[in-house]
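Each position in the sequence shown, counted from 1, maps to that position plus 1 in our numbering.
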Amino acid sequence: GIPVQGHIGLTPQSVHQLGGFKVVGKTPEVAVRLLNDAKALEQAGAFSIVLEAVPAPLSKLITEKVNVPTIGIGAGPDCDGQVQVVSDLLGLFTDFVPKHAKQYAKLAEIIRTAVGDYMSEVQAGGFPTAKQSYTMDEKIIAELARSA
2 GIPVQGHIGL TPQSVHQLGG FKVVGKTPEV AVRLLNDAKA LEQAGAFSIV LEAVPAPLSK
62 LITEKVNVPT IGIGAGPDCD GQVQVVSDLL GLFTDFVPKH AKQYAKLAEI IRTAVGDYMS
122 EVQAGGFPTA KQSYTMDEKI IAELARSA
């Protein structure tokens with residue numbers, strides 16, 4: 002069969018239904034549904050389950066009640082593993098950082114500076130130079146120029 006990883010809580014297809022990026026599972030009805038969904042995914046043969054934007058106590062309970070690994074993203078410390086979006090970790094976006102993300106770098110500033118420096122060099126004629134260019138046998142290019 003095809004290995005399947007389940008995904009419950011905040012899922013990309015539910016963002017608009019939820020009215021944006023919101024925590025899922027705070028009400029008794031939704032918490033029960035998530036627990037039942039996790040059990041159903043395990044029964045269906047999922048090799049693991051991603052819990053996204055699920056309250057930490059509920060994630061802990063789900064992790065205790067299923068026998069497949071749980072992977073949390075914004076689901077607290079008690080999942081079996083953790084995952085984050087690399088652009089959040091690296092600080093590639095400055096306008097919005099999810100509550101559950103931690104920035105380990107601020108690469109947006111570094112990238113903006115590097116691209117600005119590149120643009121300035123290209124516009125000033127300082128890039129590319131001979132160092133960044135490929136050469137070829139001058140006899141070949143001279144013959145080609147004569148015959149063209």
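Beta carbons are placed, not taken as given, at the ideal position from N, Cα and C, and that holds for glycine.
Would you list the one or two residues that DSSP bridges to G73?
The count along the sequence shown starts at 1 and reaches residue 73 at position 72. Note: G73 sits in a beta bridge opposite L52 and Q83.
Cα-Cα separation, A143 to P129:
Residue mapping note: residue 143 aligns to position 142 of the sequence shown, counting from 1. Residue mapping note: residue 129 aligns to position 128 of the sequence shown, counting from 1. The C-alpha of A143 lies about 23 Å from the C-alpha of P129.
By how many angstroms is the C-alpha of I72 removed from the C-alpha of K14?
Working through the sequence shown from its first residue, we reach residue 14 at position 13. Working through the sequence shown from its first residue, we reach residue 72 at position 71. The question names Lys, yet the displayed sequence has Gln at residue 14. Between Q14 and I72, the C-alpha separation is close to 19 Å.
With a CB to CB cut of under 6 Å and the five nearest residues on each side skipped, what residues in its chain are close to K107?
Here the question's residue 107 lines up with position 106 in the sequence shown. Excluding the 5 residues flanking it on each side, K107 has same chain C-beta neighbours closer than 6 Å at G92, in chain order.
Can you give me the C-alpha to C-alpha distance between I111 and G127, rounded to a whole angstrom?
As a first step, residue 111 must be located in the sequence shown, where it is residue number 110. As a first step, residue 127 must be located in the sequence shown, where it is residue number 126. Their backbone Cα atoms lie some 21 Å apart in a straight line.
Report all residues from its chain with a CB closer than 6 Å to the CB of L42; omit the five preceding and five following residues, and keep chain order.
Numbered from 1 along the sequence shown, position 41 holds the residue referred to as residue 42. Excluding sequence neighbours, L42 sits near G7 and I50.
Quick one: give me the first and last residue of the alpha helix (DSSP H) that H8 is part of.
As a working note, residue 8 is residue 7 in the sequence shown. That residue, H8, is in no alpha helix (DSSP H); its beta strand (DSSP E) goes Q6 to G10.
Is it right to say E53 is buried, meaning 16 or more other beta carbons lie within 10 angstroms of its own, or is it exposed?
Residue numbering aside, residue 53 sits at position 52 when the sequence shown is read from its first letter. Its Cβ being crowded by 16 or more others within 10 Å, E53 is buried.
On the CB-based measure, 16 or more other CB atoms within 10 Å of its CB, does V55 come out buried or exposed?
Stepping through the sequence shown from its first residue, residue 55 is reached at position 54. For V55, the number of other beta carbons within 10 angstroms of its own is at least 16, and it is reported as buried.
So, at 8 Å on beta carbons, what are the nonlocal neighbours of K27 in its own chain, with the 5 sequence-adjacent residues on each side left out?
On the sequence shown, residue 27 is found 26 positions in, with the first residue counted as 1. Excluding five sequence positions before and after K27, the CB atoms of its chain that fall closer than 8 Å to its own CB belong to P56, given in chain order.
Out of curiosity, what's the CA-to-CA distance linking A102 and K61?
As a position in the sequence shown, residue 102 is number 101, starting the count at 1. As a position in the sequence shown, residue 61 is number 60, starting the count at 1. Answer to the nearest angstrom: the Cα atoms are 19 Å apart.
Whole-Å CB distance - A47 paired with V5, under 8 Å assumed
The sequence position of residue 47 within the sequence shown is 46, counting from 1. The sequence position of residue 5 within the sequence shown is 4, counting from 1. Contact flag correct, Cβ pair sits at about 5 Å.
Which ranges would you report for the beta strand (DSSP E) in the segment 114-138 if only whole runs of at least 3 residues count?
Entirely contained in the segment 114-138, not one beta strand (DSSP E) run reaches 3 residues.
Distance between G75 and V16 (C-alpha atoms, nearest Å)
In the sequence shown, the residue the question calls residue 16 occupies position 15. In the sequence shown, the residue the question calls residue 75 occupies position 74. Rounded to whole angstroms, the gap between the alpha carbons of V16 and G75 is 15 Å.
Rounded to a whole number of angstroms, what is the C-alpha to C-alpha distance between F22 and V31?
Sequence index remark: in the sequence shown, residue 22 carries index 21 (1-based). Sequence index remark: in the sequence shown, residue 31 carries index 30 (1-based). Cα to Cα, the separation comes out at about 16 Å.
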